[in-house]
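The letter at position 143 of the sequence shown is residue 143 when you use full-length UniProt numbering, and the numbering goes up by one with no holes.
Yeah, the Cβ is synthetic: ideal placement off N, Cα and C, and Gly gets one too.
Remarks on the structure that follows.
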Amino acid sequence: MLHQSRVGRRRSTTKHHITDVAIELFAARGFAEVSVDDVAQAAGIARRTLFRYYASKNAIPWGDFDAHLAQLQQLLDNIDPRVRLGAALRAALLAFNTFDESETVRHRQRMRIILETAELQAYSMTMYAGWRAVIAGFVARRLGGTATDLLPQTIAWTMLGVALSAYENWLADESVSLPEALGNAFDVVGAGLDRLG
Numbered sequence: 001m002l003h004q005s006r007v008g009r010r011r012s013t014t015k016h017h018i019t020d021v022a023i024e025l026f027a028a029r030g031f032a033e034v035s036v037d038d039v040a041q042a043a044g045i046a047r048r049t050l051f052r053y054y055a056s057k058n059a060i061p062w063g064d065f066d067a068h069l070a071q072l073q074q075l076l077d078n079i080d081p082r083v084r085l086g087a088a089l090r091a092a093l094l095a096f097n098t099f100d101e102s103e104t105v106r107h108r109q110r111m112r113i114i115l116e117t118a119e120l121q122a123y124s125m126t127m128y129a130g131w132r133a134v135i136a137g138f139v140a141r142r143l144g145g146t147a148t149d150l151l152p153q154t155i156a157w158t159m160l161g162v163a164l165s166a167y168e169n170w171l172a173d174e175s176v177s178l179p180e181a182l183g184n185a186f187d188v189v190g191a192g193l194d195r196l197g
C-alpha cells in the first residue's frame, strides 16, 4: 500500500516560519525573482495555506506586523506620563527596535528587503500608516486633541522619518548599531519634541 503525502498546512506553520523562509529566498534571489509558489514550497505548505497567513507576497517580509504594532502600543502605554514627550518617544523607539544578536542579523535582511526593493515601496506606505497611527494616538493622548490633528500627525511623520533615516544608516554601515543609529537620528529632532511637553 502506498501512502500519499498530505498537502496542506504543517502543524508547525506560523507567520514567523513563512517569513523566515521567504526572507532567505528574497535575500538570495531577489524579491522579484521569488514567486508565492516558491515561498510556499520552501515553507512546506500549499499556496492557499500561505494566503491564509498573508494576503499578498508584499506582506510577507513584514511578518506579523500587527503584533509588532501592538507591542509598540504597549511600550507607549507603559511610559510614565511624567516623562516628557520627546524622551517617551525616544525610549519607545529604541525599545521597539532592540533585538538580540541572532534577531539583528535577520532583521537587517528583512529591512534591506523592505527598504531597498522598489516593488515594496507602495505597500510599505500602507504598513507605515499603521505605525504612524500608533505614534499619533500616543501624542494626541499626551497633548490633547485627536490622532488626526496636525500636531500628532506631524510628529508621527517625523518619527517615521527618524526611523527610516536611522535604518538606512544602519544598513549602509554595519559598524553602527541600530540603537546608536536610532538614537542619533532621534536626537536631531528630540529637543523640539521636548519643548512640546
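> For the stretch 27 to 77, which segments carrying the alpha helix (DSSP H) assignment without a break, of at least 4 residues, lie completely within its bounds, in sequence order?
Replying inline: 36 to 43, 47 to 53 and 65 to 77
>> Just to confirm my understanding: we take HIS107, look at its own chain, exclude 5 residues before and 5 after, and list those with CB closer than 7 Å. What are they?
In response: PHE99
>> Among the candidates ALA92, ALA70 and GLN71, whose CA atom is the shortest distance from the CA of ASP80?
In response: ALA92
> Can you give the Cα-Cα distance for GLN73 and ASP66, rounded to whole angstroms?
Replying inline: 10 Å
> Where in the stretch 98 to 156 do unbroken runs of the alpha helix (DSSP H), each at least 4 residues long, occur, reported from the N-terminal end onward?
Replying inline: 101 to 116 and 121 to 143
> Which residue's Cα is closest to the Cα of GLU24: GLU119, LEU94 and ASP38?
Replying inline: ASP38
>> Using only CA atoms, which one of LEU50, PHE96, TYR54 and ARG52 lies nearest to ALA68?
In response: What sits at residue 68 in the sequence shown is His, not Ala. Among LEU50, PHE96, TYR54 and ARG52, the Cα nearest to that of HIS68 is on PHE96.
>> I'd like the span of the alpha helix (DSSP H) that includes ARG90, first residue to last.
In response: 85 to 96
> Is there contact here, the stretch 157 to 168 with the stretch 103 to 121, by at least three beta-carbon pairs under 8 Å?
Replying inline: yes
> Is there contact here, the stretch 147 to 164 with the stretch 124 to 139, by at least three beta-carbon pairs under 8 Å?
Replying inline: yes
> Can the beta-carbon of ARG132 be found less than 8 Å from the beta-carbon of TRP157?
Replying inline: Yes, they are a contact pair.
> Assuming LEU94 contacts GLY183 under a Cβ cut-off of 8 Å, what Cβ separation, rounded to an integer in Å, is found between them?
Replying inline: 6 Å
> By Cβ distance below 6 Å, which residues in the same chain neighbour residue 200 in space, the five residues on each side in sequence not counted?
Replying inline: Look at the range of the chain in this structure, 1 to 197, and you will see that residue 200 is not part of it.
> Over what stretch of residues does the alpha helix (DSSP H) that includes GLU180 continue unbroken?
Replying inline: Counting along the chain, GLU180 sits inside the alpha helix (DSSP H) bounded by residues 178 to 194.
> Residues in its own chain within less than 8 Å of VAL21 by CB, not counting five upstream and five downstream?
Replying inline: VAL39, ALA42 and ALA43
> In terms of alpha-carbon separation, which member of GLY190, LEU76 and LEU120 lies closest to ALA140?
Replying inline: LEU76
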